[in-house]
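Comments concern the structure below.
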Amino acid sequence: MPQKILILLVMEFVLFYVNGHEEKSSLAFVIDRTSSMGKEINQVKITTDKVFNNVINSKTNHIDNFVLVTFDDPKVQVCTVTRNAEEFKNALNKIELVTGGYCPEASMSGIQQALEITYPNSFIYVFTDASANDYTKMEVVKSLSQKKSTQVAEFFLLNY
């Protein structure tokens, strides 16, 4: 049941903000790939794919490119920046978990990386199950998000 709720929440959130937006923008996904995401990673991939498909199939979307960033501790990786649906889906499917060792994770660095490569007025969705160990970057991330008028939504996943 929680998986279905997650999908519906994300889809509603994305479609509400993405449709009707006037300027070209990016849709970015920032995904925690540490081993603690083991129970959630497949659901995150499914949810991301469904959101991606809904945006692609929307007649009123103004998304110009798609960005996929992963993070663990301390690595942040830009997996793809593309307009090509297949390239995005291939990058999403290639995400593999790495041994995380401990929580928290470098989520602020992942968000910062996404902010730096997306267009202004973009939408960034973050999936993680851990708090940030790089929380000192919060003000930088907040400032950059405001400067670019980009919305960042974090979905904190709980292990059940």
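Quick note, the sequence shown lines up with residues -20 to -1, 1 to 140 if you use mature numbering (1 follows the signal peptide of the UniProt record, and there is no 0). No residue lacks a Cβ here, since even glycine has one placed at the ideal position from N, Cα and C.
Opposing strand residues paired with residue i [DSSP bridges]
{"i": "L7", "result": "F46, F103"}
{"i": "V132", "result": "I104"}
{"i": "Q57", "result": "T50"}
{"i": "T98", "result": "BP columns for T98 are empty, so no partner."}
{"i": "V121", "result": "DSSP output for V121 lists no bridge partner at all."}
{"i": "T79", "result": "In DSSP, T79 forms no bridge with anything."}
{"i": "D12", "result": "F51"}
Supposed contact pair residue j and residue i - C-beta distance, whole angstroms, cut 8 Å
{"i": "F46", "j": "T62", "result": "6 Å"}
{"i": "S123", "j": "P100", "result": "So it is not a contact: roughly 14 Å between Cβ atoms."}
{"i": "T14", "j": "D52", "result": "5 Å"}
{"i": "D44", "j": "A110", "result": "Not a contact, Cβ separation roughly 31 Å."}
{"i": "H42", "j": "E3", "result": "6 Å"}
{"i": "V106", "j": "E134", "result": "4 Å"}
{"i": "G90", "j": "V49", "result": "5 Å"}
{"i": "I104", "j": "A94", "result": "5 Å"}
{"i": "residue 160", "j": "S102", "result": "Here the chain comprises residues numbered -20 to 140, so residue 160 is not present and cannot be evaluated."}
Three-state secondary structure (DSSP) of residue i
{"i": "N64", "result": "coil"}
{"i": "D114", "result": "coil"}
{"i": "L(-6)", "result": "Its pLDDT being 49, under 50, L(-6) is placed unreliably by the model, and the measurement read from it follows with that caveat. L(-6) falls in the helix class under three-state DSSP."}
{"i": "D29", "result": "helix"}
{"i": "E85", "result": "strand"}
{"i": "K127", "result": "helix"}
{"i": "G90", "result": "helix"}
Can at least three beta-carbon pairs, one atom from the stretch 28 to 37 and one from the stretch 64 to 73, be found at a separation below 8 Å?
-> yes
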